[in-house]
Each structure stands twice: as C-alpha cells, then as structure tokens.
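Going by this note's numbering, the sequence shown opens with residue 155, and the numbers climb by one from there.
Just so it is clear, CB atoms sit at the ideal spot from N, CA and C, and this is done for glycine as well.
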Amino acid sequence: MSDSKRIMANKAELLELEKGFWTGDASYYAANVDTECLVAFPQMAQAMDNADLAKTATKPNRWRDLDIELKGIIEPGSDIVMLTYEARATRENGEPYAALVSTGYVHRANGWKMMFHAQTPLAATAT
155 MSDSKRIMAN
165 KAELLELEKG
175 FWTGDASYYA
185 ANVDTECLVA
195 FPQMAQAMDN
205 ADLAKTATKP
215 NRWRDLDIEL
225 KGIIEPGSDI
235 VMLTYEARAT
245 RENGEPYAAL
255 VSTGYVHRAN
265 GWKMMFHAQT
275 PLAATAT
C-alpha cells in the first residue's frame, strides 16, 4: 500500500485510549475493543469477544495515580499499530502495581480498536 493511503497513528490518541482501559467501565471497553481481542495476563490468556471482555471492567476508577511511560510504538501495517509501555498505578485498595504492557490496535471505520493486550507484572520495588 502506498504511503498516501497509510493511516498514521497519533501517539497521544493511542495513549488516551490506553488510559481509558485502565479507568473506564464496561461501556468504554465495548466502544473501544474490536470484535475479538487476544489477551494475555498471568491469570488468563485467550481470545475474547467484545462483550465478554467488556464484562471484565465492572469497576470504574479501580486504578489511580496512573503513569504510563511509552517504550516503543510500531506500525507494521497500514491499519495496525502496536505499542508497549511501562505502567505504574495504585489499585483501589492502595496496593501499588507495575507492569510491562503491550497493546495492539486495528483501525476500523469508527477509529482505533484494541485487538491485542498483554500485561507482565513487574516485581514490587521497595520504597
């Protein structure tokens, strides 16, 4: 495909989408996840349809003090973008959390949709 037809991903837009997945509710997930999404967490790895993945976001504001440090972003295709970042946040119960996160998006007629998401928790650091 020629460069003139490439969809150029906006980093700020994608990072805002990511933040929404940390803080949003089921309706946010339903609006921003593709028809199917491949997920990989220590406790779960599978393909999930939009509705089932949206059901996992039952508690909005379950994270606070979210900090995302982008580590890399690539566009392997005209409508696909992958990003990876380090996330640090505080759980609703006050417990700190850190992870390396990778997310893949596909561009559809109604915008970028998450089609892949993986988290690898990092060991807690002493304070």
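Check your understanding: Under 8 Å between the Cβ atoms of A201 and E190?
Key -> yes
Practice item. Tell me, to the nearest whole angstrom, how far the beta carbon of N204 is from that of V187; I am working on the premise that it is less than 8 Å. Key: 5 Å
**Study point:** Residue nearest to A253 in terms of C-alpha spacing, selected from N264, W266, T274 and T238
**Key:** T274
Exercise for review: Evaluate T257 with the Cβ neighbour count: other Cβ atoms within 10 Å of its Cβ, from every protein chain shown; 16 or more gives buried, anything less gives exposed.
Suggested key: buried
Practice item. Measure the C-alpha to C-alpha separation of A277 and R242 and round it to an integer number of angstroms. Key: 11 Å
Practice item. Helix, strand or coil for T244, going by three-state DSSP, please let me know. Key: strand
Check your understanding: Alpha carbon to alpha carbon, how far is N164 from Q197?
Key -> 31 Å
Review point. Alpha carbon to alpha carbon, how far is K267 from I234?
Key: 10 Å
**Study point:** Terminal residues of the beta strand (DSSP E) in which E223 lies
**Key:** W217 to G231
Review point. To which residues of the same chain is D219 closer than 7 Å at the C-beta, ignoring the five residues directly before and after it?
Key: A243 and T244
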